[in-house]
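In this text, residue positions in the sequence shown follow this note's numbering: the first is 204, and each later residue adds one.
Glycine included, every Cβ here is placed at the ideal spot set by N, Cα and C.
The block underneath contains the structure these notes are about, expressed in structure tokens.
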Amino acid sequence: MPDMESNRRPTRDYRAFSSGPWPLWDVIYARRSSRKYVPMEVGADLAGEIERTAAAACELRGVPADFLMVVTDQAAVDRVRTGAQKGAVGKINMWLTRAPLVAFLVMTVPDEDINADRPSVMPRMTMAVEDCILWLTERDLGTCWMAGINQGEVKKALGIGHGTSVPVVISIGRSQMPGPLGTAGVLARVQSRRRKTLDRIAVVEEVGTSYEVGTIPLERFEAVDEGVAGLMDLLARGGRGECGASPELQVEACLEAARFAPSGGNAQAWQFVVVRDPARLERLAGLCGRATDTPAGFALLAAGYPKTFSTGLLDKPFWMLDIPIALSHLSLTAVSMGCRVSVQTDGFDEGGVNGMAGLGKSRTVGIVWVG
């Protein structure tokens with residue numbers, strides 16, 4: 204029990220390392236799945252902001268904006284809410300029956316992509332959706348990823364044709380939890396969920412060498428004092444390229460942000476590999492079709508198990524949903540430290556990368572290059 208209790212707390216006070224505000228941590232620690240909502244109204248201004256943020260997130264992650272549907276018309280919201288829970292599969296979302304929701308994000312993915320051995324659109328779309336969710340959290344709105352839905356009914360409710368899958372929808376409303384970015388809200392959310400410790404989800408260079416949480420000297424730097432939208436814009440430009448944080452802090456802050464990402468059934472069936480050795484970085488760059496002389500302070504490989512009992516029934520597929528959610532957190536955190544950042548989910552030799560890192564049958568979903 205003591206070990207589980209420790210998992211409910213942040214690894215350390217990362218904000219103390221910044222000489223000024225580091226607002227992204229408030230959002231990451233506040234962000235959680237909400238299934239209880241209170242009534243609210245969404246005006247035209249907020250609806251427009253959600254649509255613009257969704258479009259910006261899609262552009263950032265390299266997917267067509269029309270693949271992410273923003274549903275704010277109340278009649279359409281009610282149709283999706285009702286349709287999503289129809290049938291045996293949808294019964295996991297019975298809480299929707301009386302939830303006063305104001306909007307949905309609806310992820311659409313071409314059938315051929317979602318059924319591929321290695322989807323291309325789906326991980327990038329998932330990152331875009333999580334970017335939006337972090338922005339919504341910042342706006343004091345509650346959300347919930349819903350994978351166990353009646354796809355046919357949702358597609359019918361929105362007029363989505365054949366050849367397109369709807370792997371998830373995301374509910375949006377005013378959460379019944381305390382205000383997300385108030386002190387009570389942050390504490391309630393951090394304490395309401397359990398997370399594996401960093402040494403259980405991260406390794407250094409290759410599997411078998413667990414990441415160790417050690418002492419990081421309190422050397423202050425200036426974090427990027429921007430909200431989620433500002434960080435998205437900065438990430439789209441590759442980052443500021445002026446990171447004053449120590450290398451140890453850069454690595455651990457990124458891992459911590461990934462650790463607090465949600466996962467199906469809270470299984471956290473993922474593995475993050477920190478690659479810092481120059482020779483191994485050069486080898487990794489070659490496996491990724493990346494110029495070997497491109498500077499990078501370190502790279503983080505993000506891998507997931509292809510299927511587990513607790514996630515295999517609902518997520519489509521688990522490793523292409525949960526891991527990209529973590530990649531969203533990770534990449535935004537890196538850019539919030541002023542680092543140059545690039546995220547790669549395609550174009551690498553997965554077998555070669557797995558062999559180098561000792562990942563076995565795990566699926567390497569993405570690589571984040573930080574410098």
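*Shorter than 9 Å from the beta carbon of M523 to some beta carbon of chain C?*
The structure shown contains no chain C; it is built from a single protein chain.
Going by DSSP, what residue range makes up the alpha helix (DSSP H) through C335? Indexing the sequence shown from 1 puts residue 335 at position 132. Unbroken alpha helix (DSSP H) run through C335: V324 to E341.
Worksheet entry | Beta-carbon contacts of S531 that lie in its chain and below 6 Å, excluding the five residues immediately before and after | One-based indexing of the sequence shown puts residue 531 at position 328. M330, E333 and D334.
Give me the Cα-Cα distance between I375 and P481, rounded to the nearest whole angstrom.
Here residue 375 refers to the residue found at position 172 of the sequence shown. Here residue 481 refers to the residue found at position 278 of the sequence shown. Cα to Cα, I375 sits roughly 44 Å from P481.
Within its chain, find whatever has a CB closer than 6 Å to the CB of I253; leave out the 5 residues flanking it on each side and keep chain order.
Position 50 of the sequence shown, counted from the start, is the residue given in the question as residue 253. Around I253: V273.
Which residues bound the alpha helix (DSSP H) around T285?
The residue given as residue 285 occupies position 82 in the sequence shown. Run containing T285: Q277 to A287, per the alpha helix (DSSP H) assignment.
task: Rounded to whole angstroms, what's the CA-CA distance from G489 to W225? Just pull it up for me.
output: Walking along the sequence shown from the start, residue 489 turns up at place 286. Walking along the sequence shown from the start, residue 225 turns up at place 22. Approximately 35 Å, taken between the alpha carbons.
* To do: Measure the Cβ-Cβ separation of G246 and E341 and say whether it is below 9 Å.
  => Here residue 246 is taken as the residue at index 43 of the sequence shown, counted from 1. Here residue 341 is taken as the residue at index 138 of the sequence shown, counted from 1. Taking 9 Å as the Cβ cut-off, G246 and E341 do not qualify as a contacting pair.
- Query: Are at least three pairs of beta-carbons, each pair with one atom in the region 410-420 and one in the region 232-245, less than 8 Å apart?
  - Reply: no
| query | Are the CB atoms of W572 and Q547 nearer to each other than 9 Å? | reply | In the sequence shown, the residue the question calls residue 572 occupies position 369. In the sequence shown, the residue the question calls residue 547 occupies position 344. It is a contact, given that the beta carbons lie within the stated cut-off.
Checklist entry - Closest by CA to L504, which one among L562, G492 and Q277? => result Here residue 504 refers to the residue found at position 301 when the sequence shown is read from its first residue. Checking every option, the nearest Cα to that of L504 belongs to L562.
| message | What would DSSP say about M272, mapped onto helix, strand or coil? | response | Start at 1 with the first residue of the sequence shown, and residue 272 comes out as number 69. The answer is strand: DSSP assigns M272 an E or B state.
### Query
Where DSSP assigns a beta bridge to I231, which residues make up the other side?
Position 28 of the sequence shown, counted from the start, is the residue given in the question as residue 231. None, per the DSSP bridge assignment.
Q) Within this structure, are the beta carbons of V544 and G441 separated by less than 9 Å? A) The count along the sequence shown starts at 1 and reaches residue 544 at position 341. The count along the sequence shown starts at 1 and reaches residue 441 at position 238. In contact: V544 and G441 (Cβ atoms closer than 9 Å).
Q. Are there 16 or more other CB atoms within 10 angstroms of the CB of P465, so buried, or fewer, so exposed?
A. As a first step, residue 465 must be located in the sequence shown, where it is residue number 262. Classification for P465: buried.
How would you label A278, buried or exposed, when you count the other beta carbons within 10 angstroms and need 16 or more for buried? Numbered from 1 along the sequence shown, position 75 holds the residue referred to as residue 278. Under this definition A278 is an exposed residue.
**Message:** Rounded to the nearest angstrom, what separates R392 and S222 at their Cα positions?
**Reply:** The sequence position of residue 392 within the sequence shown is 189, counting from 1. The sequence position of residue 222 within the sequence shown is 19, counting from 1. Residue placement at R392 is poorly supported in this model, since its pLDDT is 47, which falls under 50; the coordinates still yield a value, given next. Cα-Cα distance, rounded: 25 Å.
**Study point:** Unbroken beta strand (DSSP E) run spanning G561, endpoints
**Key:** In the sequence shown, residue 561 corresponds to position 358, counting from 1. Segment: none, G561 is in no beta strand (DSSP E) and carries neither H nor E.
For I570 and A494, believed in contact at Cβ under 8 Å, the rounded distance:
As a first step, residue 494 is located in the sequence shown; it is residue number 291 there, counting from the start. As a first step, residue 570 is located in the sequence shown; it is residue number 367 there, counting from the start. Not confirmed; about 14 Å, so no contact.
- Query: Hey, quick one: how far does the beta strand (DSSP E) through C347 stretch, first residue to last?
  - Reply: For this step, residue 347 is matched to residue 144 along the sequence shown. Where C347 is concerned, the enclosing beta strand (DSSP E) stretches over G345 to M349.
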